[in-house]
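Visitor: Below is one structure. I have some questions about it.
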Amino acid sequence: MNPKDIFRLDGKIALVTGSSRGLGKEIAKGLAQYGASLVLADIAYPEEIEEEIKGAGARCIAVRTDISNEEEVKDLNQKIRSEFGRVHILINNAGITQLAYTPTEELPLKEWDRVMDINLRGTFLCCKYVGGSMIKTGGGSIVNIASTAGITGVPRAPAYCASKAGVILLTKSLALEWAQHDIRVNAIAPHYLETDLTKGVRDSDKVYEALIKQIPLKRFGKTRELVGAALFLASDTSSYVTGAVLPVDGGYLAQ
Numbered sequence: 437m438n439p440k441d442i443f444r445l446d447g448k449i450a451l452v453t454g455s456s457r458g459l460g461k462e463i464a465k466g467l468a469q470y471g472a473s474l475v476l477a478d479i480a481y482p483e484e485i486e487e488e489i490k491g492a493g494a495r496c497i498a499v500r501t502d503i504s505n506e507e508e509v510k511d512l513n514q515k516i517r518s519e520f521g522r523v524h525i526l527i528n529n530a531g532i533t534q535l536a537y538t539p540t541e542e543l544p545l546k547e548w549d550r551v552m553d554i555n556l557r558g559t560f561l562c563c564k565y566v567g568g569s570m571i572k573t574g575g576g577s578i579v580n581i582a583s584t585a586g587i588t589g590v591p592r593a594p595a596y597c598a599s600k601a602g603v604i605l606l607t608k609s610l611a612l613e614w615a616q617h618d619i620r621v622n623a624i625a626p627h628y629l630e631t632d633l634t635k636g637v638r639d640s641d642k643v644y645e646a647l648i649k650q651i652p653l654k655r656f657g658k659t660r661e662l663v664g665a666a667l668f669l670a671s672d673t674s675s676y677v678t679g680a681v682l683p684v685d686g687g688y689l690a691q
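For the sequence shown, this note's numbering assigns the number 437 to the initial residue and increments by one for each residue that follows.
What follows is the structure, encoded as structure tokens:
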């Protein structure tokens, strides 16, 4: 048996939010490579990755969706049910950071709400509607992308930290509630990755050097290095794993 076969997702339907670029794009490609059919959801229509996945021979549809909008998430869920009948895998990847590391006393409420709407409300809505459908169709696997910032905290990033901490506790709550329905709910907690969201940090040598000193592996992670964790939690290989938070952090949380 080929060791890679234990991660096969043939016949499975996977929804990946925030899939037009960065981490979501890489996860979607990885799931397709291992046999899944893909539903790509993003506020920016993910046309490029849709064509790439189709070109590789996988079944794929893309749906422009604002995951913080309840009606749009309900419509997304209905489109998936109409096209595929059900979802086996939900990857809640869509997320944003704060625009700037602002002192909390100066943080506009509008910015707090913006981060919470995408990171926590959006994750909740996708779990509510897509997970609700999983209850009716025989179970599945939900993987929420959290962050080490939801565990240890980061100064001047209260909205981001609170939103990701919320994702972690949402994960644990749903894992307990939905285990009876054969739905596994887990989270991945990455540290700094080489994505568009960290470009500004990486462009500043002084800031970048200060940050990597805090990471035992002395570098930022690459998006492809998180794909394996997503595959593991999405596949039946992790069939006895639920309520877990898997760090992909270069050893940061081990300190």
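Think of the CB as a built atom: it goes at the ideal place given N, C-alpha and C, for glycine as much as any other residue.
This structure is a prediction, so every number in the text was calculated from the model and none was measured.
Rounded to whole angstroms, what's the CA-CA distance from valine 637 to valine 643? Just pull it up for me.
Guide: Cα to Cα, the separation comes out at about 6 angstroms.
Visitor: For glycine 567, tell me which candidate among Thr540, Arg457, Ile525 and Gly454 has the shortest Cα-Cα distance.
Guide: Residue Ile525 is the option with its Cα nearest to glycine 567.
Visitor: Using a threshold of 8 angstroms, state whether the C-beta atoms of glycine 458 and threonine 659 are closer than that.
Guide: Their beta carbons are under 8 angstroms apart, which means glycine 458 touches threonine 659 by this criterion.
Visitor: Determine, using beta carbons only, whether valine 523 and leucine 512 come nearer to each other than 8 angstroms.
Guide: Not closer than 8 angstroms, so no.
Visitor: Does DSSP put threonine 559 in a helix, a strand or coil?
Guide: In this structure, threonine 559 counts as helix in the three-state DSSP scheme.
Visitor: Distance, Cα to Cα, arginine 655 vs isoleucine 516?
Guide: Spanning the two alpha carbons is a distance of roughly 39 angstroms.
Visitor: Tell me where the alpha helix (DSSP H) around asparagine 513 begins and ends.
Guide: Element bounds for asparagine 513: 506 to 520.
Visitor: With DSSP as the reference, please indicate the residues paired to threonine 533 in a beta bridge.
Guide: Its beta-bridge partners do not exist; DSSP assigns none.
Visitor: Can you check which of these residues, Leu669, Leu561 and Asp639, is closest to threonine 501 by C-alpha distance?
Guide: The option with the nearest alpha carbon to threonine 501 is Leu561.
Visitor: Is the beta carbon of serine 518 sitting closer than 8 angstroms to the one on alanine 494?
Guide: No, the pair does not count as a contact, with Cβ atoms beyond the cut-off.
Visitor: First and last residue of the alpha helix (DSSP H) that includes isoleucine 571?
Guide: 568 to 573 is the span of the alpha helix (DSSP H), which, as asked, contains isoleucine 571.
Visitor: Drop a sphere of 10 angstroms on the beta-carbon of glycine 700, count the other beta-carbons inside from all chains shown, and report buried for 16 or more, exposed for fewer.
Guide: Since the first residue shown for the chain is 437 and the last is 691, residue 700 is missing from the structure and cannot be characterised.
Visitor: Just checking, does the stretch 463 to 483 make contact with the stretch 446 to 455 on the three C-beta pairs under 8 angstroms criterion?
Guide: Yes, since at least three Cβ pairs between the stretch 463 to 483 and the stretch 446 to 455 fall closer than 8 angstroms, the two stretches touch.
Visitor: Verify whether the separation of the beta carbon atoms of histidine 627 and threonine 584 is less than 8 angstroms.
Guide: Yes.
Visitor: So glycine 679 and threonine 607 are supposed to be a Cβ contact under 8 angstroms. How far apart are they, rounded?
Guide: Indeed, because the Cβ distance is near 7 angstroms, the residues count as touching under 8 angstroms.
Visitor: May I have the straight-line CA-CA distance separating isoleucine 442 from threonine 540, to the nearest angstrom?
Guide: Those two C-alpha atoms are separated by around 46 angstroms.
Visitor: Do you know how far the Cα of glutamate 508 is from the Cα of threonine 588?
Guide: In a straight line, the C-alpha of threonine 588 is about 33 angstroms away from that of glutamate 508.
Visitor: Rank Ala468, Ile463, Ile527 and Gly454 by C-alpha distance to the C-alpha of arginine 444 and give the top, closest one.
Guide: Per the Cα distances, Ala468.
Visitor: Can you tell me which residues form a DSSP beta bridge with asparagine 622?
Guide: Answer is Val579, bridged to asparagine 622.
Visitor: Roughly how many angstroms separate the alpha carbons of valine 681 and asparagine 622, rounded to a whole number?
Guide: Roughly 6 angstroms separates the two Cα atoms.
Visitor: What number of angstroms, rounded off, separates the C-alpha of alanine 593 from the C-alpha of glutamine 534?
Guide: Looking at the two C-alpha atoms, the distance is approximately 7 angstroms.
Visitor: Which of the three DSSP states is assigned to serine 609 in this structure?
Guide: In this structure, serine 609 counts as helix in the three-state DSSP scheme.
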